[in-house]
Structures are given as C-alpha cells and as structure tokens.
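Data block below; observations after.
Number of protein chains: 2
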Amino acid sequence: MVSVSNQEDAILSRLRGEGYKITPQRRAIVRAILSSDEYVTPELLLIKARQAFPSLGRVTVYRTLDILSQLGLLCTLHPEGHHPGYTLGRLDHHHHVVCSGCGRVSDFSEHGLEELEKRLSRETGFKIEGHILEFLGLCPQCQETNNEK
Amino acid sequence: MVSVSNQEDAILSRLRGEGYKITPQRRAIVRAILSSDEYVTPELLLIKARQAFPSLGRVTVYRTLDILSQLGLLCTLHPEGHHPGYTLGRLDHHHHVVCSGCGRVSDFSEHGLEELEKRLSRETGFKIEGHILEFLGLCPQCQETNNEK
DNA sequence: GTCATTGCAAATCGTTTGCAGCGCC
DNA sequence: GGCGCTGCAAACGATTTGCAATGAC
Numbered sequence: 022m023v024s025v026s027n028q029e030d031a032i033l034s035r036l037r038g039e040g041y042k043i044t045p046q047r048r049a050i051v052r053a054i055l056s057s058d059e060y061v062t063p064e065l066l067l068i069k070a071r072q073a074f075p076s077l078g079r080v081t082v083y084r085t086l087d088i089l090s091q092l093g094l095l096c097t098l099h100p101e102g103h104h105p106g107y108t109l110g111r112l113d114h115h116h117h118v119v120c121s122g123c124g125r126v127s128d129f130s131e132h133g134l135e136e137l138e139k140r141l142s143r144e145t146g147f148k149i150e151g152h153i154l155e156f157l158g159l160c161p162q163c164q165e166t167n168n169e170k
Numbered sequence: 022m023v024s025v026s027n028q029e030d031a032i033l034s035r036l037r038g039e040g041y042k043i044t045p046q047r048r049a050i051v052r053a054i055l056s057s058d059e060y061v062t063p064e065l066l067l068i069k070a071r072q073a074f075p076s077l078g079r080v081t082v083y084r085t086l087d088i089l090s091q092l093g094l095l096c097t098l099h100p101e102g103h104h105p106g107y108t109l110g111r112l113d114h115h116h117h118v119v120c121s122g123c124g125r126v127s128d129f130s131e132h133g134l135e136e137l138e139k140r141l142s143r144e145t146g147f148k149i150e151g152h153i154l155e156f157l158g159l160c161p162q163c164q165e166t167n168n169e170k
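Quick mapping for you: the protein sequence lines, in order, are chains A and B. The opening residue of the first sequence carries number 22 in the working numbering; numbering runs sequentially from there. The opening residue of the second sequence carries number 22 in the working numbering; numbering runs sequentially from there.
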C-alpha cells in the first residue's frame, strides 16, 4: 500500500521531471484529488482545492487536469446519469467501480478482456485499440443509508 | 435479422403506445438514426434528418433523443477523444465496438461479466447496478485507408 | 377542438482562449 | 531575471428553457 503523501511526492516529482513547475496551486489540486476517495469533477475539485488555496482560479484546475491527463496520471469515468469525472490512475491497467450514490471509487484488475478482444477482432474485423469497462453500483455506506430511509 | 423499416415501425409504434404523437420530424429523426451504421451525435443527426425534413429544429432533435433514451431505445457511447454519442439499442443486453476513425459501430454479446460482477460484489461490498463495456478500434475499411497513406 | 409538439430566441452550463501581471526556479 | 504560470474576463460550443404558433389525433 502506498501512502497518500508518497503518492503526492511521486506525482509532483513526475511533474517536475517533465519540466513543469511546482506551484502551490498545483500542489493544492493534486492534494485535493488524493484526499478524496470519490471521483472528482473540475467543479468539485475547485471547491476542495480552494480550502487550501482560496484564490485558486477555475482555469488553473482545468489546465492542471489537462497536464495530469496527458501524463497518464488520471482515469476518466463515465458514471451513467452523472457528469464525467476523474480519479487518479495507477500505473498498471485496471478498471473502476463507481458508487452511484456518493461517487466513491474502487478499483480492480481484470485480465479476461484480452481473450474477448481477440474474439472481437476475429468476429468483427476491427483492430482493437482499447476499451472502457466501468461498473456502477452502491457502495456499502450508501446501501445502509438507503435502508434507513 | 430485422430489416430497417421493421425497426422503424417498431420504434414508432412504441412511441405511439407510450402516448407520444408521430410527427414527420420524429419520423425523420428515427429514420436518420437507423440509416447510419456510425453512431450519431445530436449535431450529426440534425444534418442527416434535415435531408428528409429541412425545417427541422435543433431542439427537436434533443427532445426526441431524450424520449428515445428514456424508453431505453438508445445506447450511449463514450469514444475516447471524441464527443459522446448514441446508437440504437437492441432489446437484449449487449456491448459495442466503435471505430475511432469513422465512428462505425458494431455490437456483440458477452455474458462473462455476470461472473465478474459477483466477484466485485464480494471483494468491494458494492451492490452492482450496471456496467459500461465499450471497445475502441479501427474498422476494416479504416485500416485499409490508413495503410494506403 | 384540444393539447402535445415545434422552432425560435435567449438563457445557461461547462470549458477554452487572450492577455497582462506574478512568481517559481 | 526569464519564462512558465496564474487569474480575470470574454469567447465559445453544446444543451436547456420560455413562449407563441402549429399541427396530429
């Protein structure tokens, strides 16, 4: 298990290594993503990161997300009926389960898809380049909250 | 294999059955979706459907897509790097392969996911409600076009 | 004839861009 | 001290809403 502060360091030094400067804004944004186990939207991220850096501009959030995204540090999520959002990626290939109640994200690995890719290539003639696999459901906490109602 | 005109009738009578009126606009939109094997965006659909009904308004396209979507007749696609779009759904559960070149959509069935859902429920405690599984790749035609370059 | 449907224009939402000043390295 | 970064304001594209006229049944 990697601790959050280690993850933060890893991301920041990756940024530095790519020639980007480490500003308090970027630090606040990265920390805000790391501190939530829900997935984040730009708007949510702005609110969270402003707690640490109140004068943070909305534009900076978008620009930082762009950078992280280009470096492959973010995963995009498409929860049905919700706005698309982001969560921090791991280095290995993996997938997500998103809570439809609170947005909490859990991840898992699954390697059976390569088999399926081959079958699809054969059946459809497509040259497969990638895939999206996401599950939507209720996390344990939200299941309980639902039952209380 | 179900013919396109049968599909059209099926969709229109479903609409009628739900209390919606069959207008030439809706007919043109439904036909436009059916006549493309690529997935459609609202904008693209507007252009296509206007060939049959030139005075069609953009708003009507959005409203019709909403209705079809609520009735479960549409599938949403999330091709990476492109705008999200729609394709007509089949009644049974299935998934899509989208061409990153031209947007052509091919569909397939896969039942191995129920197994995976169970595993995830067990491992994460989430109550799984649904999933997205989409493949992105190049269709046979676009592979050829690429090679010619 | 009634009431859903339409299309326009305007409002709105999320995101991107131009630009002048600021601050990290 | 230079150049990348920031934040404002304005632009932008996609979608939604208010409303009066229209047309399907």
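Glycine residues also receive a C-beta, built at the ideal position from the N, C-alpha and C atoms. Everything numeric in this text was worked out from a predicted model, so none of it was measured.
Endpoints, alpha helix (DSSP H) assigned at ILE68 of chain A:
Mapped onto the first sequence, residue 68 of chain A falls at position 47. Counting along the chain, the alpha helix (DSSP H) containing ILE68 of chain A begins and ends at 63-71.
Beta-carbon within less than 6 angstroms of GLY38 of chain B's beta-carbon, same chain only, minus the 5 sequence neighbours each way: which residues are those?
Counting from one through the second sequence, the residue named residue 38 of chain B turns up at place 17. Counting only residues of its own chain and dropping the five nearest sequence neighbours on each side, GLY38 of chain B has no CB closer than 6 angstroms to any other CB.
In chain A, which residues lie with their C-beta within 8 angstroms of the C-beta of VAL118 of chain B?
Position 97 of the second sequence, counting from 1, holds the residue named residue 118 of chain B. Within chain A, the residues near VAL118 of chain B are LEU141, THR145, PHE147, ILE149.
Does DSSP put TYR107 of chain B in a helix, a strand or coil?
Within the second sequence, residue 107 of chain B is the residue found at index 86, counting from 1. Three-state result, TYR107 of chain B: strand.
Could you check the C-alpha separation between ARG84 of chain A and LEU95 of chain A for me, to the nearest Å?
In the first sequence, counting from the first residue as 1, residue 84 of chain A sits at position 63. In the first sequence, counting from the first residue as 1, residue 95 of chain A sits at position 74. C-alpha separation (whole angstroms): 13 angstroms.
Check the DSSP bridge columns for GLU5 of chain A and list the partner residues they point to.
Shown here, chain A extends from 22 to 170; a query on residue 5 of chain A therefore has no answer.
Rounding to the nearest angstrom, what Cα-Cα distance links LEU55 of chain A and ASN27 of chain B in this structure?
Against the first sequence, residue 55 of chain A aligns to sequence position 34. Against the second sequence, residue 27 of chain B aligns to sequence position 6. Rounded to whole angstroms, LEU55 of chain A and ASN27 of chain B show a C-alpha spacing of 52 angstroms.
Tell me, please, which residues DSSP counts as bridged to GLU150 of chain A.
Your numbering for residue 150 of chain A matches position 129 in the first sequence. Partner(s): none; GLU150 of chain A has no beta bridge.
Does the beta-carbon of ARG199 of chain A have 16 or more other beta-carbons within 10 angstroms, so that it is buried, or is it exposed?
Since the first residue of chain A shown is 22 and the last is 170, residue 199 of chain A is not available in this structure.
Assuming the contact rule is C-beta atoms closer than 8 angstroms, LEU67 of chain A and ARG79 of chain A should be a hit. Round their C-beta distance to whole Å, please.
Locating residue 67 of chain A in the first sequence gives position 46, counting from the first residue. Locating residue 79 of chain A in the first sequence gives position 58, counting from the first residue. Right, the Cβ-Cβ distance comes to about 5 angstroms (below 8 angstroms), so this counts as a contact.
Do we get a CB-CB distance below 8 angstroms when we pair ILE153 of chain A with the residues of chain B?
As a working mapping, residue 153 of chain A is identified with position 132 in the first sequence. True, the Cβ-Cβ gap to chain B drops below 8 angstroms.
Beta carbon of LEU134 of chain A, beta carbon of HIS152 of chain B: below 8 angstroms?
For this step, residue 134 of chain A is matched to residue 113 along the first sequence. For this step, residue 152 of chain B is matched to residue 131 along the second sequence. With contacts defined as CB atoms closer than 8 angstroms, LEU134 of chain A and HIS152 of chain B fail to qualify as a contacting pair.
Would you tell me roughly how many angstroms separate the C-alpha atoms of ARG35 of chain B and ALA73 of chain A, rounded to the nearest one?
Along the second sequence, read from residue 1 onward, the residue named residue 35 of chain B stands at position 14. Along the first sequence, read from residue 1 onward, the residue named residue 73 of chain A stands at position 52. Near 53 angstroms, if we compare the C-alpha coordinates of ALA73 of chain A and ARG35 of chain B.
Go ahead and label GLY40 of chain A buried or exposed: buried means 16 or more other beta carbons lie within 10 angstroms of its beta carbon, across all protein chains shown.
Here residue 40 of chain A refers to the residue found at position 19 of the first sequence. With fewer than 16 other CB atoms across the displayed protein chains lying within 10 angstroms of its CB, GLY40 of chain A is exposed.
Could you tell me the distance, in whole angstroms, from the CA atom of LYS69 of chain B to the CA atom of LEU77 of chain B?
Within the second sequence, residue 69 of chain B is the residue found at index 48, counting from 1. Within the second sequence, residue 77 of chain B is the residue found at index 56, counting from 1. LYS69 of chain B and LEU77 of chain B have their C-alpha atoms some 10 angstroms from each other.
GLY158 of chain A - partner residues in DSSP beta bridges
Along the first sequence, read from residue 1 onward, the residue named residue 158 of chain A stands at position 137. For GLY158 of chain A, which the question treats as bridged, DSSP gives the partners A:CYS120, B:ILE149.
Residue span of the alpha helix (DSSP H) that contains THR81 of chain A, given as start and end
The residue labelled residue 81 of chain A in the question sits at position 60 within the first sequence. Boundaries of the alpha helix (DSSP H) harbouring THR81 of chain A: 79-91, taken from the DSSP string.
Could you say which of B:GLY110, B:GLU150, B:ASN167, B:GLU165 lies nearest to ASP58 of chain B if we only look at CA atoms?
For the purposes of this step, residue 58 of chain B is taken as the residue at position 37 of the second sequence. With respect to the C-alpha of ASP58 of chain B, the residue from B:GLY110, B:GLU150, B:ASN167, B:GLU165 having the closest C-alpha is B:GLY110.
Contacting residues, own chain, Cβ-Cβ under 6 angstroms from GLY122 of chain A (five flanking each side not counted)
Taking the first residue of the first sequence as position 1, residue 122 of chain A is located at position 101. Listed in chain order, the non-local C-beta contacts of GLY122 of chain A below 6 angstroms within the same chain comprise LEU159, CYS163, local neighbours out to five positions each way being set aside.
Which one or two residues does DSSP pair with LEU95 of chain B in a beta bridge?
As a working mapping, residue 95 of chain B is identified with position 74 in the second sequence. Beta-bridge annotation (DSSP): LEU95 of chain B is paired with B:LEU109.
For PRO45 of chain A, name the three-state secondary structure that DSSP assigns.
If you number the first sequence from 1, residue 45 of chain A lands on position 24. If DSSP states are grouped into helix, strand and coil, PRO45 of chain A belongs with the helices.
Any C-beta of chain B within less than 7 angstroms: which residues of the stretch 93-105 of chain A qualify?
Listed in sequence order: HIS99, GLU101.
State the DSSP-derived secondary structure class of SER130 of chain A, mapped to helix, strand or coil.
Residue 130 of chain A sits at position 109 when you count from the first residue of the first sequence. Here DSSP, grouped into helix, strand and coil, assigns SER130 of chain A to coil.
SER121 of chain B at chain A interface by Cβ criterion, 8 angstroms:
Locating residue 121 of chain B in the second sequence gives position 100, where the first residue counts as 1. Yes, because at least one Cβ of chain A sits closer than 8 angstroms to the Cβ of SER121 of chain B.
Using 7 angstroms as the cut-off, classify the Cβ of ALA53 of chain B as near or not near the heavy atoms of the ligand HEM, replying yes or no.
As presented, the structure is devoid of all ligands, the ligand HEM included, so that no description of it is given.
Give me the Cβ distance between THR62 of chain B and GLY106 of chain B, rounded to the nearest whole Å; I'm assuming they're in contact under 8 angstroms.
The residue given as residue 62 of chain B occupies position 41 in the second sequence. The residue given as residue 106 of chain B occupies position 85 in the second sequence. For THR62 of chain B against GLY106 of chain B, the beta-carbon gap comes to about 5 angstroms, under 8 angstroms, which counts as contact.
Using the Cα positions of LEU157 of chain A and ASP128 of chain A, report the straight-line distance between them to the nearest angstrom.
Taking the first residue of the first sequence as position 1, residue 157 of chain A is located at position 136. Taking the first residue of the first sequence as position 1, residue 128 of chain A is located at position 107. Note on geometry: alpha-carbon atoms of LEU157 of chain A and ASP128 of chain A lie some 12 angstroms from one another.
What three-state label does DSSP hand SER76 of chain A in the structure shown?
By 1-based counting over the first sequence, the position of residue 76 of chain A is 55. Secondary structure at SER76 of chain A: coil, using DSSP grouped into helix, strand and coil.
Cut-off 8 angstroms between Cβ atoms - residues of its own chain near GLU138 of chain A, not counting five sequence neighbours on either side:
Position 117 of the first sequence, counted from the start, is the residue given in the question as residue 138 of chain A. The answer, listed in chain order, is ILE149, HIS152.
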